[in-house]
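Please read the structure below before turning to the comments.
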Amino acid sequence: MQTDTIIQIENVHKHFGKVHALRGIDLNVGRGEVIVIIGPSGSGKSTLLRCINRLEEFDQGSIVVDGIPLDSAENINAVRTEVGMVFQQFNLFPHLSVLDNITLAQRIIRKRDKKEAHEIAMELLHKVGIPDKADCYPLQLSGGQQQRVAIARALAMNPKIMLFDEPTSALDPEMIQEVLDVMLALAKEGMTMVVVSHEMGFARAAADRAILMDDGLIVEQATPNVLFSQPKEERTKAFLSKVL
Ligand code: ADP
Ligand code: MG
Numbered sequence: 001m002q003t004d005t006i007i008q009i010e011n012v013h014k015h016f017g018k019v020h021a022l023r024g025i026d027l028n029v030g031r032g033e034v035i036v037i038i039g040p041s042g043s044g045k046s047t048l049l050r051c052i053n054r055l056e057e058f059d060q061g062s063i064v065v066d067g068i069p070l071d072s073a074e075n076i077n078a079v080r081t082e083v084g085m086v087f088q089q090f091n092l093f094p095h096l097s098v099l100d101n102i103t104l105a106q107r108i109i110r111k112r113d114k115k116e117a118h119e120i121a122m123e124l125l126h127k128v129g130i131p132d133k134a135d136c137y138p139l140q141l142s143g144g145q146q147q148r149v150a151i152a153r154a155l156a157m158n159p160k161i162m163l164f165d166e167p168t169s170a171l172d173p174e175m176i177q178e179v180l181d182v183m184l185a186l187a188k189e190g191m192t193m194v195v196v197s198h199e200m201g202f203a204r205a206a207a208d209r210a211i212l213m214d215d216g217l218i219v220e221q222a223t224p225n226v227l228f229s230q231p232k233e234e235r236t237k238a239f240l241s242k243v244l
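Below, the structure is given as structure tokens:
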């Protein structure tokens with residue numbers, strides 16, 4: 001299918017004590033591909049995302065990101081600078097302004113000077129629709145605005161891949177769409193994205209592929225339309241009957 005694979009996951013296993021959270025995950029993601037992962041709570045979705053940028057160590061198998069195997073401290077750092085992540089709980093620094101939230105890592109990790117980091121931050125705040133919030137503190141913003149800042153902060157590092165872990169689950173319903181719209185625009189620009197989300201409308205509009213995980217395994221995958229309308233596996237049917 002893809003000629004250019006940017007994430008290659010082979011037979012990845014992960015235990016937390018006796019819990020076998022990932023039980024042999026195989027997944028290739030093409031450059032520019034958008035994947036949506038769905039599945040019941042506890043099925044290993046977050047663990048899989050966290051393994052991709054090595055926030056979580058895995059026990060067995062291999063993950064290669066943009067040609068870099070996640071097998072040494074040096075390589076892990078290199079991969080982390082290429083992979084942006086957005087969490088359910090925005091994880092902004094509460095004591096820093098929006099602008100400082102977006103410039104901090106640029107200055108420390110990308111070694112940009114203040115002026116350049118500010119310019120990039122303002123550009124990204126325009127992109128996510130809240131340039132007027134640059135001098136606010138996170139708690140002065142709505143949840144949807146905070147999540148858009150978190151996306152801008154991740155993008156400021158020029159990631160090649162963006163991982164989203166239930167980015168709209170903590171939001172009030174009226175704020176969900178503004179965040180999904182930013183994500184949809186990013187997908188249309190060709191960003192490689194792996195998104196854990198049960199927002200079916202977003203999946204249909206943005207994703208090339210939808211994957212159902214259950215019990216630490218990929219159970220079924222297809223285009224979103226096919227997976228949601230004509231699921232083959234009983235576990236997929238059972239899950240979809242609860243969320244659709
Ligand atoms: P999901 O994101 O699909 O809800 P998770 O990846 O968070 O699932 O969790 C998969 C399994 O691993 C669950 O049984 C969960 O309780 C367990 N788990 C996840 N993180 C930890 C952890 N840090 N310590 C112990 N168990 C964990
Ligand atoms: Mg999760």
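In the UniProt record's numbering, the protein residues as written are 1 to 244.
All residues carry an ideal CB built from backbone N, CA and C; glycine is no exception.
Inset, instruction - Within its chain, find whatever has a CB closer than 7 Å to the CB of M122; leave out the 5 residues flanking it on each side and keep chain order. - result: P131 and A134
Legend entry - R23 beta carbon less than 7 Å from that of L217: yes
Inset, instruction - Please classify K14: does DSSP put it in a helix, a strand, or coil? - result: strand
Inset, instruction - Run the proximity test for S43: is its beta-carbon closer than 6 Å to any non-hydrogen atom belonging to ligand 2? - result: For ligand 2, not one heavy atom lies less than 6 Å from the Cβ of S43.
Legend entry - Close Cβ partners of A117 (< 7 Å) along its chain, the five nearest in sequence each way excluded: T103, Q106 and R107
Inset, instruction - State the start and end residues of the unbroken beta strand (DSSP E) segment that holds L163. - result: I161 to D165
Legend entry - Cβ-Cβ distance between V79 and V65 below 7 Å: yes
Legend entry - Where E56 falls: helix, strand or coil (DSSP): coil
Legend entry - For V219, the three-state DSSP class (helix, strand or coil): strand
Inset, instruction - Tell me where the alpha helix (DSSP H) around H20 begins and ends. - result: Looking at the DSSP string, H20 is not in any alpha helix (DSSP H); the run it does join, the beta strand (DSSP E), is V19 to G30.
Inset, instruction - Below 8 Å CB to CB, which residues in the same chain sit around R204 once its five sequence neighbours on both sides are set aside? - result: P224, N225 and F228
Legend entry - C-alpha gap between S43 and K160, whole angstroms: 26 Å
Inset, instruction - Measure the beta-carbon distance from residue 249 to F202 and round it to whole angstroms, keeping in mind my assumption that it falls under 8 Å. - result: Summary: the structure shown does not reach residue 249, with the chain confined to residues 1 through 244, and so no result is reported for it.
Inset, instruction - Would you tell me roughly how many angstroms separate the C-alpha atoms of N96 and E233, rounded to the nearest one? - result: The displayed chain sequence assigns Leu, not Asn, to residue 96. Each residue's alpha carbon lies about 47 Å from the other.
Inset, instruction - Give the range of the alpha helix (DSSP H) segment to which V179 is assigned. - result: P173 to K188
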